[in-house]
Amino acid sequence: MLRSRKQSWHNRGFTLVELLVCITIFVIMTALMVVKYGNFNQSVLLTNLVYDTALTIRTAQNYGLSVKGVKDASGAPVSCGNSTADPNFQCAYGVAFDSSAGNNDRFTLFAIADPGQVAGSNNRISISTYTLKRGATISGVCGGDDTCNAIPGQQLYITFKRPDPSANIVFVDSGAPQSSDDYAKITIKGTDNTMRSISVRSNGQISVDI
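Numbering follows the numbering used here, with no gaps: position 158 of the sequence shown is 158.
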C-alpha cells in the first residue's frame, strides 16, 4: 500500500492552480523582457543617430580642410573666392541645425563662400539634407560654455574653412546672429524622451555625450 501511494505521488501532474501560477509568471517575465528590449532598442538607435550626426559635422570639417570643390545643382563648379588659381576650392563647409517646430527633424550639410554670412539663407549652397529617423528630433541648440546657458538659440551654424581647423560657431535667435567662440551643443531627443548630445568646441573638437 505504501509503495502504491509513492508511485501515485510521482505520477501526479500539475494542478490547475499551479498551472495558472506558472503561466502568470511566464507572462510577466515576457512582458518585462519586451519592455526592456524596446527601451534598449530605442537607446541604441538614438546613440547611433547621434554618432551619425557627429560624423556629418566631422565630414564638413574634412571638406573644409581638404579643399573639396563645390558644384551647384546643375553640376557646374561654384566659385567661392577671388583667387584666379583655384576659385572653386575656397568654400567653407558647415552643418546647419534648427530646433524650431517643423524644422527640428533634419539638418543640412552646406558650403558657403563667406562663413561670416552664414545666417543668410541665400548665401548657403545646400549639399545634403539629412532627416532624423525613428521620430527623433533636435530638441535644442545652445552654447557659450559647458553649462550651455550662455547662448540659447533656435538655429546653429558650424562652419570650417581652410587653413584653420577651428570651428566657426554662430547661433541665431529671434533673427539676431550671435557668435560663440568656445562651445556649441546639439541635443537630440528620442521618442521615449531619452536624450543624447553632441559638443563642438572652437578648437575643432567634436564629441558625443552619452
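Just so you know, even glycine gets a beta-carbon here, dropped at the ideal spot from N, CA and C.
All values derive from a computational prediction rather than experimental measurement.
With a CB to CB cut of under 7 Å and the five nearest residues on each side skipped, what residues in its chain are close to Phe26? No residues qualify anywhere along the chain.
Ser140 in three-state terms, based on DSSP: A small correction: the amino acid at residue 140 is Gly; Ser does not occupy that position in the sequence shown. Of the three classes helix, strand and coil, the one that applies to Gly140 here is strand, per DSSP.
C-alpha gap between Ala119 and Ala31, whole angstroms: The straight-line gap from Cα to Cα measures roughly 49 Å.
On the three-state DSSP scale, how would you describe Ile125? Note: Ile125 maps to strand in three-state DSSP.
CA-to-CA distance, Asp209 to Val200, given in whole angstroms: Going from the Cα of Val200 to the Cα of Asp209 covers about 11 Å.
Mind reading off the beta-carbon distance from Pro194 to Leu46? Whole number of angstroms is fine, and I expect it under 8 Å. For the record, residue 194 in the displayed sequence is Thr; it is not Pro. The pair is a contact, with the Cβ atoms about 6 Å apart (cut-off 8 Å).
Can you tell me the Cα-Cα spacing of Lys189 and Ile138, whole angstroms? Their Cα atoms are separated by approximately 6 Å.
Backbone CA spacing between Gly281 and Thr59 [nearest angstrom]: With the chain represented from 1 up to 210, any question about residue 281 goes unanswered, as that position is not in the structure.
Within 10 Å of its beta-carbon, does Val21 have 16 or more other beta-carbons around it, so buried, or fewer, so exposed? Under this definition Val21 is an exposed residue.
Short of 7 Å in beta carbon distance, which residues of its chain neighbour Ile127, apart from the five on each side in sequence? Order them along the chain. The answer, listed in chain order, is Leu109, Phe110 and Ala111.
Relative to the alpha-carbon of Gln90, which residue among Pro115, Thr187 and Ala96 has its alpha-carbon at the smallest distance? Comparing alpha-carbon positions, the option among Pro115, Thr187 and Ala96 lying closest to Gln90 turns out to be Pro115.
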